[in-house]
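Here the protein sequences line up with chains D and W, keeping their order. What the first sequence shows, in this note's numbering, is residues 1160 to 1273, in sequence order. What the second sequence shows, in this note's numbering, is residues 404 to 518, in sequence order. All residues carry an ideal CB built from backbone N, CA and C; glycine is no exception.
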Amino acid sequence: GENVEQHPSTLSVQEGDSAVIKCTYSDSASNYFPWYKQELGKGPQLIIDIRSNVGEKKDQRIAVTLNKTAKHFSLHITETQPEDSAVYFCAASKGETSYDKVIFGPGTSLSVIP
Amino acid sequence: GAVVSQHPSWVICKSGTSVKIECRSLDFQATTMFWYRQFPKQSLMLMATSNEGSKATYEQGVEKDKFLINHASLTLSTLTVTSAHPEDSSFYICSAQRQGAGGYTFGSGTRLTVV
Chain D
1160 GENVEQHPST LSVQEGDSAV IKCTYSDSAS NYFPWYKQEL GKGPQLIIDI RSNVGEKKDQ
1220 RIAVTLNKTA KHFSLHITET QPEDSAVYFC AASKGETSYD KVIFGPGTSL SVIP
Chain W
404 GAVVSQHPSW VICKSGTSVK IECRSLDFQA TTMFWYRQFP KQSLMLMATS NEGSKATYEQ
464 GVEKDKFLIN HASLTLSTLT VTSAHPEDSS FYICSAQRQG AGGYTFGSGT RLTVV
């Protein structure tokens, strides 16, 4: 089955700096890669996603890149703010249909220092 | 749109009792919902896939007789933790996807504490 790895496990950055989180996946059939932000005691919130036919996607301060050949994808957060502090999970899925399960990476705890 | 409601948000129960957690898709129909379990400072581990009108599909290592899943309608899936023990204490989260919504939506989670 699919295995998703994520690095680093913890990340501290100064406010205003950029943060980068990297993930790899094992199943070449995976073609949907969402990123989630989870705050303490809450469910994960989708922040951005990318599909295999796209190499990069950007939404304001957040961007995701995908290298399908290398089975790598990364999350980039620019101009970080204290409210960006949370646990971030990458994930992989074989498709976008409602019955395709999503496998999560182990998570990255991001701390943005004011 | 694509709101998933989970109830209760937290529950404390005694060892040996059963607890039911509800997951509802509020503004869409979900033929499939997913149940995850999350221990403190760990990732979400998929427990099972809940299929409307049929049996759930459990991941390897998940006891189907202990974690009963019922998907009785297109908007409701329930997870019942039977004969709960302290080691079942965890954060349980459901998710579903509305076709064309651009991603899976997660419920707010249920914190289960077994004493």
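Item to check | Residue interval of the beta strand (DSSP E) (run including His1231/D) | outcome: His1231 to Ile1236
Next on the checklist: For a quick check, are the C-beta atoms of Ala1178/D and Ile1221/D less than 7 Å apart?
Outcome noted: Result no, Cβ atoms of Ala1178/D and Ile1221/D do not sit closer than 7 Å.
Checklist entry - Under a three-way DSSP split, which group does Glu1215/D fall into? => result Strand at Glu1215/D.
Checklist entry - What runs of the beta strand (DSSP E), each 3 residues or longer, lie entirely inside the stretch 420-450 of chain W? => result 422-428 and 435-441
Checklist entry - Does the beta carbon of Pro1203/D come closer than 7 Å to any beta carbon on chain W? => result yes
Checklist entry - Just checking, does the stretch 431-440 of chain W make contact with the stretch 479-497 of chain W on the three C-beta pairs under 8 Å criterion? => result yes
Next on the checklist: Beta-carbon within less than 7 Å of Ser1171/D's beta-carbon, same chain only, minus the 5 sequence neighbours each way: which residues are those?
Outcome noted: Ser1270 and Ile1272
Item to check | CB of Gly1202/D within 7 Å of CB of Ser428/W, strictly | outcome: no
Next on the checklist: Can you pull the chain W neighbours of Val1274/D, defined as C-beta to C-beta under 8 Å?
Outcome noted: Shown here, chain D extends from 1160 to 1273; a query on residue 1274/D therefore has no answer.
Item to check | Residues that Gly1264/D contacts on chain W, provided the C-beta gap is smaller than 9 Å | outcome: What Gly1264/D touches in chain W: Ser446.
Checklist entry - How about Gly1175/D and Glu1238/D: do their beta carbons lie closer than 7 Å? => result Contact: yes.
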